[in-house]
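**Q** Pasting in a structure now, in structure tokens, and then I'll have a few things to ask.
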Amino acid sequence: MAPAENEQNMTSQVNHVRHMLAVASGKGGVGKSLVSAMAAVELARRGLKVGIMDADITGPSIPRLFGVTARPKSSMVGIIPPETATGVKIISMNLFLDNAGQPVIWRGPLLTSAIKQFWTDVAWGDLDVLIVDLPPGTADVPLTAFQSLPVDGILMVTTPQELASMIVEKAAGLAKQMNKRILGIVENMAMVTCPHCGESFELFGPSHAEELADHIGAPVLARLPIESTVAALADTGHVEDVQMAAFAPVTEALAEYITTPSTVFAAPNPAPSPKAS
């Protein structure tokens, strides 16, 4: 995955990305990849040009959600990302592996190098927004993403448990230290509806989203339910068929964010290695 220097120069000429949105949490298992995918799908439905960078190098989920197995192709202008059925461009480490279940056993420097290459060496072309699906934690990869990528907006994902809120607050603290704008909070797995009686109940306990919002100074955009149909579509690579009314406020907030003046560099250039404090 190491293109020639002239390919890096070519991608800097052909790429024009208006906004770069990071989907973060700090906590694993909260549904960042699903939120990233649903955001991409909803924005694409509005006619926007969207890409997803799967920055979870060791635990990538994006290709499976979209049912994409095609390998990225090499060209004179850089790595060509495959497209989903609705035209969403994606890049993910799993698309470079012979076996999707093959582990990526890399230390920090290789992980951070891959993230930077996903930006500088991929021919993204013209995009309204590039969504970066971040891995858990506040260490190498998220830090590299915030320091080496021109992220201009962050969507925080949490679940109702107080423990999740505590860890998400840590990730929000990293974002603030990096002077990144937090657009809002999405609380996933907020409730479930009984298929027999129709009653909704909070499977994982009462929400802590408003408390989290007060702590990090960002609004709660949506509380998403657990839906078996969504899980089934995601598992079978049909996330583009998901319809969820509760996600509408997130789509509206992101559409408004995309219409604001861009702060993302039109042409990506190789960035210096991040220095952790």
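Just so you know, the sequence shown maps onto residues 83 to 359 in my numbering.
Don't be surprised by glycine CBs; every beta carbon is placed ideally from N, CA and C.
Confirm, please, whether the CB-CB distance from P242 to E281 is below 9 angstroms.
**A** no
**Q** According to DSSP, is V96 helix, strand or coil?
**A** helix
**Q** Are the CB atoms of M102 and M219 within a distance shorter than 9 angstroms?
**A** According to the sequence displayed, residue 219 carries Gly and not Met. When the beta-carbon positions are compared, G219 and M102 stay at least 9 angstroms from each other.
**Q** Span of the beta strand (DSSP E) holding G235?
**A** 235 to 240
**Q** Cβ of T65 within 9 angstroms of Cβ of A291?
**A** Outside the shown range of the chain (83 to 359) lies residue 65, about which nothing can therefore be said.
**Q** Could you tell me which of M120, S143, T202, A152 sits nearest to S230, measuring between CA atoms?
**A** T202
**Q** Going by beta carbon distance, what residues of the same chain come within less than 6 angstroms of T140, once the five residues before and after it are set aside?
**A** V186
**Q** Using the beta-carbon count (16 or more within 10 Å), is G133 buried or exposed?
**A** The residue is buried, with at least 16 neighbouring Cβ atoms inside 10 Å.
**Q** Applying the criterion that 16 or more other CB atoms from any shown protein chain within 10 Å of the CB defines a buried residue, is P191 buried or exposed?
**A** The residue is exposed, with fewer than 16 neighbouring Cβ atoms inside 10 Å.
**Q** So, helix, strand or coil for P154, using DSSP?
**A** Residue state, collapsed to three classes: coil.
**Q** Quick check: the Cα distance between R146 and P343, rounded to an integer number of angstroms?
**A** 33 angstroms
**Q** Nearest to G156 by alpha carbon, out of V204, I144, L265?
**A** According to the sequence displayed, residue 156 carries Ser and not Gly. Closest by alpha carbon: V204.
**Q** Assign G255 to one of three DSSP states: helix, strand, or coil.
**A** helix
**Q** May I ask you to report which of helix, strand or coil DSSP gives G207?
**A** Residue state, collapsed to three classes: coil.
**Q** For A167, I'd like the list of residues in its chain whose CB is within less than 6 angstroms of its CB, leaving aside the five on either flank, ordered along the chain.
**A** E322
**Q** How should W206 be labelled, buried or exposed, when 16 other C-beta atoms within 10 angstroms of its C-beta is the threshold for buried?
**A** buried
**Q** Within its chain, find whatever has a CB closer than 7 angstroms to the CB of G110; leave out the 5 residues flanking it on each side and keep chain order.
**A** P218
**Q** With burial defined as no fewer than 16 other Cβ atoms inside 10 Å of the residue's Cβ, what is the status of G169: buried or exposed?
**A** exposed
**Q** Based on the DSSP output, what are the partners of V186 in its beta bridges?
**A** Partner(s): none; V186 has no beta bridge.
**Q** May I have the straight-line CA-CA distance separating A300 from M158, to the nearest angstrom?
**A** 42 angstroms
**Q** For A246, which residues from the same chain have a beta carbon less than 7 angstroms from its beta carbon, with the 5 sequence-adjacent residues on both sides left out?
**A** Once the five neighbours on either side are set aside, the close Cβ partners of A246 are K109, V112, T240.
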